[in-house]
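Per the working numbering, the sequence shown runs over residues 18 to 184.
Even for Gly, the Cβ is constructed at its ideal location relative to N, Cα and C.
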Amino acid sequence: MRKRFLDVADLPIIINTAAINRRFRDKSDGAFQNSHTTFHSEEESIMGRVFLEHIGGTRLFSCANCDTVLTNRAELMSTRFTGSTGRAYLFKRVVNLSFSEVQDRIMLTGRHMVRDVFCKNCDSKLGWIYEFATEESQRYKEGKVILERALITESEGMEEHVVVGDI
């Protein structure tokens, strides 16, 4: 089965978010696919155990509501963003998230296609992920995640030691 990814050349001048959401939908299981994660549609009921990842690192960022680890300091790209609650951070990689469908938003830096991101454990809204930026200068944000500072906590992690020896 071949996955289809959003291609800039396929976007019309006026972006239709419903069409983009249909395009991401994989007909076999009702999930959305892109290069770095799977998104589940609202119609799909997901039951069972929630599996969480731990990204590791010496400084960790977690959900302020339930303490689920989301990312670490090494993934932090910028602290110079603003969200609806104030300061926000841009990260390269974040785990333990669920996502909304694509939305077309006009932001301070231009028009973007984004998805809201939620804690996978407690479903608290934490920020958004950039799927597509219409401005060439803003394309570096594509696939990156904004976490709002008021909705996350930062704490000490642990240094990872590699033991070298006979196995």
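Where the beta strand (DSSP E) containing residue i begins and where it ends
i, result
"A81", "A81 -> no beta strand (DSSP E), and no H or E assigned at all."
"L107", "103–108"
"V162", "162–165"
"T151", "Unbroken run through T151: none, as it is neither H nor E."
"L93", "93–100"
"R122", "120–124"
"F116", "114–116"
"V86", "86–89"
Between the CA atoms of residue j and residue i - distance to the nearest angstrom
i, j, result
"Y7", "R66", "A query on residue 7 cannot be resolved here, the shown segment of the chain reaching from 18 to 184 and no further."
"R128", "G73", "34 Å"
"S172", "S141", "19 Å"
"E153", "E165", "24 Å"
"V180", "A91", "22 Å"
"V111", "L69", "12 Å"
"A167", "S101", "10 Å"
"S117", "D133", "5 Å"
"E176", "T85", "19 Å"
"M16", "G103", "In the structure as shown, the chain begins at 18 and stops at 184. Residue 16 is therefore absent and cannot be evaluated."
Residues bridged to residue i (per DSSP)
i, result
"C139", "None; C139 has no bridge partner."
Reference residue i; option with closest CA among the options
i, options, result
"K137", "L125, S115, G174, L168", "S115"
"N113", "E171, Q155, F135, W145", "F135"
"I146", "R156, G160, D140", "G160"
"K158", "R166, L164, E148", "E148"
"R8", "E176, I163, V180", "In the structure as shown, the chain begins at 18 and stops at 184. Residue 8 is therefore absent and cannot be evaluated."
"A150", "L69, E176, V119, C83", "V119"
Nonlocal neighbours in the same chain, by C-beta distance under 7 Å from residue i, ignoring five residues either side
i, result
"I169", "F78, S79, C80, A81, L87, L143"
"L93", "Y106, F108"
"T99", "A105"
Residues near residue i by beta carbon distance below 8 Å, same chain, minus five either side
i, result
"N89", "I72, G73, G74, T75, R76, L77, F78, G174"
Same chain, Cβ closer than 6 Å to residue i, neighbours up to 5 away in sequence not counted
i, result
"S95", "L107"
"T126", "Q155"
"R122", "H129, V131"
"C83", "N138, C139"
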